[in-house]
Ligand code: PMP
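Numbering (UniProt numbering), first residue to last: 1 to 397.
So, in structure tokens, the structure goes:
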């Protein structure tokens with residue numbers, strides 16, 4: 001598997017111990033090739049050209065939308081291309097949110113949310129006077145849905161939770177969250193950034209109303225992601241960005257807008273990135289999401305097991321975390337650990353992981369985080385453990 005990923009090798013030909021897939025995944029050669037082709041011999045604009053290359057590119061671009069829709073068990077008119085999950089959440093806040101929420105309405109988030117599922121709602125609060133509530137976590141780092149049940153009221157119009165925590169690897173029971181949200185008449189938005197590369201998704205079976213993810217965590221390019229929303233919700237949402245491609249007819253007196261999803265895709269789209277995303281999905285489908293999930297579950301369990309044998313390590317998150325292991329080494333700042341590990345050829349993430357409220361809840365300013373992708377194997381865990389040993393020696397007992 002590793003051999004398919006040029007990014008997993010150092011220039012001298014030795015393997016790189018990349019353990020930061022939760023931040024972004026390395027790309028398989030198939031995705032690099034598809035992207036290069038789209039930028040080279042296949043390149044032209046979409047939707048406008050009268051020449052054959054543009055017509056072909058348009059077919060490829062729209063096929064990519066169908067590919068993404070099929071990947072998440074949706075229809076193509078429900079998939080909006082965005083620059084990533086962050087932009088997708090901002091899109092919902094600035095369209096559905098501005099249209100439907102008013103002062104006194106409430107939004108329920110959770111303690112473990114990524115900043116991109118907190119700040120857009122705070123910006124909406126400044127504009128509309130909507131109130132934000134925060135659902136606490138269980139002892140082992142799951143969103144506490146019993147607490148959510150007790151907190152939700154008819155004033156809640158939106159619940160926005162992560163499917164998989166980017167720090168703890170904990171997995172949300174979306175079915176129950178949807179039941180609770182819909183029980184009070186609220187919509188449910190799911191941040192699926194860490195789930196899409198690991199969990200087979202079916203939008204209609206999940207029961208949520210909005211779902212967002214980024215391609216770069218899915219072995220695809222940066223600069224592209226998707227918003228899925230139920231067709232009837234999407235159709236009712238006003239546009240956000242204005243410009244070419246999102247209109248039906250423009251006059252200086254009045255402009256009418258295209259139907260969804262084009263209404264939300266102003267300007268020349270991310271053509272190359274979209275083709276790259278479709279190639280990543282093709283690649284991942286060939287491997288199998290069940291294989292991806294099991295591979296990462298086994299590696300995460302193995303690392304948790306190894307770390308739990310040490311009496312100088314604190315582990316965060318549930319025992320069955322998927323693909324992500326956050327921890328602290330007693331008396332060593334995660335940044336120092338990360339720097340020493342880098343000297344050993346091992347790349348982990350050290351910091352707040354764009355989840356400062358969660359860090360506050362855990363009582364730390366930062367954690368060390370190792371996260372796995374399909375290209376990792378036990379040798380990466382061994383290298384990490386060796387690096388931890390060396391760090392321990394440098395810092396003393
Ligand atoms: N939510 C989660 C859970 C994430 O892990 C990330 C990326 N770290 C994001 C949202 C934001 O994704 P992006 O930066 O690709 O928009």
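Backbone N, C-alpha and C fix where the C-beta goes; we use that ideal spot for every residue, glycine too.
Within 9 Å, strictly: CB atoms of residue 224 and residue 273 | Position 224 of the chain shown holds residue 224. Position 273 of the chain shown holds residue 273. Going by C-beta atoms, residue 224 is nearer than 9 Å to residue 273.
Outcome for residue 143 when other beta-carbon atoms lying within 10 angstroms are tallied against a minimum of 16 = By one-based count along the chain shown, residue 143 stands at place 143. It is buried - the Cβ of residue 143 has at least 16 other Cβ atoms within 10 Å.
When the Cβ atoms of the region 184-198 are set against those of the region 32-50, are three or more pairs found closer than 8 Å?
-> no
Could you pull out every unbroken beta strand (DSSP E) segment of at least 3 residues lying fully inside the region 272-344, listed in chain order?
-> 313-316 and 324-329
Bounding residues of the alpha helix (DSSP H) (the contiguous stretch that carries residue 102) | As a working note, residue 102 is residue 102 in the chain shown. It is not in any alpha helix (DSSP H) - residue 102 carries neither H nor E in the DSSP assignment.
Residue 277 to residue 133 span [Cα, whole Å] = Taking the first residue of the chain shown as position 1, residue 277 is located at position 277. Taking the first residue of the chain shown as position 1, residue 133 is located at position 133. Approximately 35 Å between the Cα atoms of the pair.
Counting pairs of Cβ atoms below 8 Å between the region 14-29 and the region 374-389, do you hit three or more?
-> yes
Cα-Cα separation between residue 216 and residue 324, rounded to whole angstroms = If you number the chain shown from 1, residue 216 lands on position 216. If you number the chain shown from 1, residue 324 lands on position 324. Their backbone Cα atoms lie some 17 Å apart in a straight line.
Euclidean distance between Cα positions of residue 245 and residue 260 | As a first step, residue 245 must be located in the chain shown, where it is residue number 245. As a first step, residue 260 must be located in the chain shown, where it is residue number 260. The straight-line gap from Cα to Cα measures roughly 11 Å.
Buried or exposed: where does residue 316 fall if 16 or more other Cβ atoms within 10 Å of its Cβ makes it buried?
-> Translated into positions along the chain shown, residue 316 becomes position 316. Buried, since its Cβ has 16 or more Cβ neighbours within 10 Å.
With DSSP run on the structure shown, which of helix, strand or coil describes residue 175?
-> Along the chain shown, read from residue 1 onward, the residue named residue 175 stands at position 175. It is helical.
Which one or two residues does DSSP pair with residue 369 in a beta bridge?
-> Within the chain shown, residue 369 is the residue found at index 369, counting from 1. Paired residues: 326 and 349.
Please go through the same chain and pick out, in chain order, the residues whose beta-carbon is closer than 8 Å to the beta-carbon of residue 152, but skip the five residues on each side of it.
-> Here residue 152 corresponds to residue number 152 of the chain shown, with the count starting at 1. Cβ neighbours of residue 152 beyond the five flanking positions: 108, 159, 180, 181, 183, 184 and 186.
According to DSSP, is residue 229 helix, strand or coil?
-> By 1-based counting over the chain shown, the position of residue 229 is 229. Strand, per DSSP.
For residue 353, verify whether its CB is less than 8 Å away from any heavy atom of the ligand PMP.
-> Within the chain shown, numbered from 1, the residue matching residue 353 stands at position 353. Indeed, a heavy atom of the ligand PMP lies less than 8 Å from the Cβ.
According to the Cβ coordinates, are residue 300 and residue 169 closer than 9 Å?
-> In the chain shown, residue 300 corresponds to position 300, counting from 1. In the chain shown, residue 169 corresponds to position 169, counting from 1. Yes.
Look at residue 210 and residue 195 and say whether their C-beta atoms are less than 9 Å apart.
-> Numbered from 1 along the chain shown, position 210 holds the residue referred to as residue 210. Numbered from 1 along the chain shown, position 195 holds the residue referred to as residue 195. No, the pair does not count as a contact, with Cβ atoms beyond the cut-off.
Nearest CA to the CA of residue 76: which residue from 89, 82 and 62?
-> Position 76 of the chain shown, counted from the start, is the residue given in the question as residue 76. Among 89, 82 and 62, the Cα nearest to that of residue 76 is on 62.
Where are the alpha helix (DSSP H) runs, 4 residues long or more, that stay fully inside the region 2-39, in chain order?
-> 29-39
Which runs of the alpha helix (DSSP H), 4 residues or longer, sit entirely within the region 197-270?
-> 203-206 and 231-236
For residue 309, which option in 293, 298, 329 and 92 has the closest C-alpha, if you only look at C-alpha atoms?
-> The sequence position of residue 309 within the chain shown is 309, counting from 1. Residue 309 has its Cα closest to that of 329, out of 293, 298, 329 and 92.
Which residue comes first and which comes last in the beta strand (DSSP E) that contains residue 159?
-> Numbered from its first residue, the chain shown carries residue 159 at position 159. Segment 156-162, the beta strand (DSSP E) holding residue 159.
With DSSP run on the structure shown, which of helix, strand or coil describes residue 144?
-> Translated into the one-based positions of the chain shown, residue 144 becomes position 144. If DSSP states are grouped into helix, strand and coil, residue 144 belongs with coil.
Considering only C-alpha positions, which residue in the set 336, 289 and 319 is nearest to residue 391?
-> As a working mapping, residue 391 is identified with position 391 in the chain shown. When only C-alpha atoms are compared, the closest one is 336.
Take residue 80 and list the residues in its own chain whose beta-carbon comes closer than 6 Å to its own, dropping the five residues that flank it on each side.
-> Taking the first residue of the chain shown as position 1, residue 80 is located at position 80. Around residue 80: 227, 261 and 264.
What's the C-alpha gap between residue 174 and residue 199?
-> Counted from its first residue, the chain shown places residue 174 at position 174. Counted from its first residue, the chain shown places residue 199 at position 199. Distance between the alpha carbons of residue 174 and residue 199 is about 12 Å.
So the alpha helix (DSSP H) residue 68 belongs to, where does it begin and stop?
-> Position 68 of the chain shown, counted from the start, is the residue given in the question as residue 68. From DSSP, the alpha helix (DSSP H) with residue 68 extends over 52-71.
Excluding the 5 residues preceding and the 5 following residue 66 in the sequence, name in chain order all residues of the same chain whose CB lies nearer than 6 Å to its CB.
-> For the purposes of this step, residue 66 is taken as the residue at position 66 of the chain shown. Within the same chain, residue 66 has close Cβ partners 76.
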